[in-house]
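Trainee: Submitted below is the structure of interest, expressed as structure tokens.
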Amino acid sequence: MKRIMTMLLGVGFASTLVAGEQEVKAAINMALPQYQVASVEEHAGSGLYLVQLQDGPELHVSADGKFFIVGDRYRIDGTKVVNETEQAKLAQVESYPEDKMIIYKAAQEKAHISVFTDIDCGYCRMLHKEVDALNDMGITVRYLAYPRAGVGSPVYKDMVSIWCSDDPNAWLTKAKQGQNVPSVQCDNPVAEQFQLGNKVGVRGTPSIILDNGKFIPGYLPADELAKELGIN
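Numbered by mature numbering (1 follows the signal peptide of the UniProt record, and there is no 0), the letters in the sequence shown go through residues -19 to -1, 1 to 213 in order.
Here it is in structure tokens:
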């Protein structure tokens, strides 16, 4: 009897949880019809629901679906404050296969940064000029494609050609120096990297994710990036 009651309580809890998720999803669909809801999950301990929008930001939504917040979520852990949003972004980027990135590896790696980049972006070009300096300091640079004009745009097609070329590292550098990229087609990760960027909150380029989880929405000189990574 006790086992049956436990099972019934578990089923009741699951049903309530699903109902809550469905109500939150319905509320967001009604309020933000321009977006598709990719996922809804209850955040343990906060009473909020985490709603990931397709090609959009993550929302923190009240259980009744009447309020939502866009921005970082922090957790108080004793005397520390943990940015859970940054840690979640880091986990998504770190789990992405490196063999789909264009990587400029440091000979003696101390840290790495993941950079969402666009070949026509002026500040992306400034950052790329400092790749050698970053490598010399022990910082590996891992590039992911983020054509700001979107999938199917001219810059998207150029970035596909770079990823499909016989030497992506060389052609990425040439493209950021203003050279034309020969058109090449292949199975490529450019669109999925663009979607990943949207999912983790990229809204411009360069967007830099440090391997400690910090998200930097813009350009920083090499020496300042090194300081952020704790490298002197």
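Don't be surprised by glycine CBs; every beta carbon is placed ideally from N, CA and C.
Is it the case that the Cβ atoms of Asp53 and Glu75 are separated by a distance below 9 Å?
Mentor: Going by C-beta atoms, Asp53 is not nearer than 9 Å to Glu75.
Trainee: Cutting at 6 Å between CB atoms, please list the residues of its own chain near Cys102, excluding the five before and the five after it.
Mentor: The residues are Thr186.
Trainee: In this structure, what does DSSP give as the bridge partners for Asn64?
Mentor: Paired residue(s): Tyr55.
Trainee: Could you give the DSSP three-state label for Phe48: helix, strand or coil?
Mentor: In the structure shown, Phe48 sits in coil (DSSP, three-state: anything other than H, G, I, E or B).
Trainee: Would you kindly report the start and end of the unbroken beta strand (DSSP E) that includes Ile83?
Mentor: First-last of the beta strand (DSSP E) with Ile83: 83 to 85.
Trainee: Taking Arg123 as part of the beta strand (DSSP E), name the residues at either end of that continuous run.
Mentor: Start and end: 120 to 126.
Trainee: Provide the residue span of the beta strand (DSSP E) that contains Thr98, from first to last.
Mentor: Residues 92 to 98.
Trainee: Could you compute how far the alpha carbon of Ala7 sits from the alpha carbon of Asp45?
Mentor: Those two C-alpha atoms are separated by around 11 Å.
Trainee: May I ask which residues mark the beginning and end of the alpha helix (DSSP H) holding Glu2?
Mentor: -18 to 12 is the extent of the alpha helix (DSSP H) around Glu2.
Trainee: Rounded to whole angstroms, what's the CA-CA distance from Ser142 to Gly159? Just pull it up for me.
Mentor: Whole-angstrom Cα-Cα distance: 15 Å.
Trainee: Using DSSP bridges, identify the partner residues of His41.
Mentor: According to DSSP, which records beta bridges pairwise, His41 is partnered with Leu31, Ile50.
Trainee: Below 8 Å on the Cβ atoms is my guess for Thr121 versus Ile84; work out the distance and round it to an integer in Å.
Mentor: That belief holds up - the Cβ atoms of Thr121 and Ile84 are roughly 7 Å apart, short of 8 Å.
Trainee: Please state whether DSSP places Ala69 in a helix, a strand or coil.
Mentor: Ala69: helix per DSSP, three-state reduction.
Trainee: If I measure Cβ to Cβ from Val18 and keep anything under 8 Å in the same chain, skipping five residues before and after, which residues do I get?
Mentor: Result list for Val18: Lys6, Ile9, Asn10, Val32, Gln33, Leu34, Gln35, in chain order.
Trainee: For Gly28, which of Phe49, Tyr16, Ala12, Leu13 has the nearest alpha-carbon?
Mentor: It is Phe49 whose Cα lies nearest to the Cα of Gly28.
Trainee: Give me the residue from Ile57, Val96, Lys155 with the minimum Cα distance to Leu71.
Mentor: Considering only alpha carbons, the answer is Val96.
Trainee: Establish whether the CB of Ala114 and some CB of chain C are separated by less than 9 Å.
Mentor: Absent from the structure: chain C. Only one protein chain is present.
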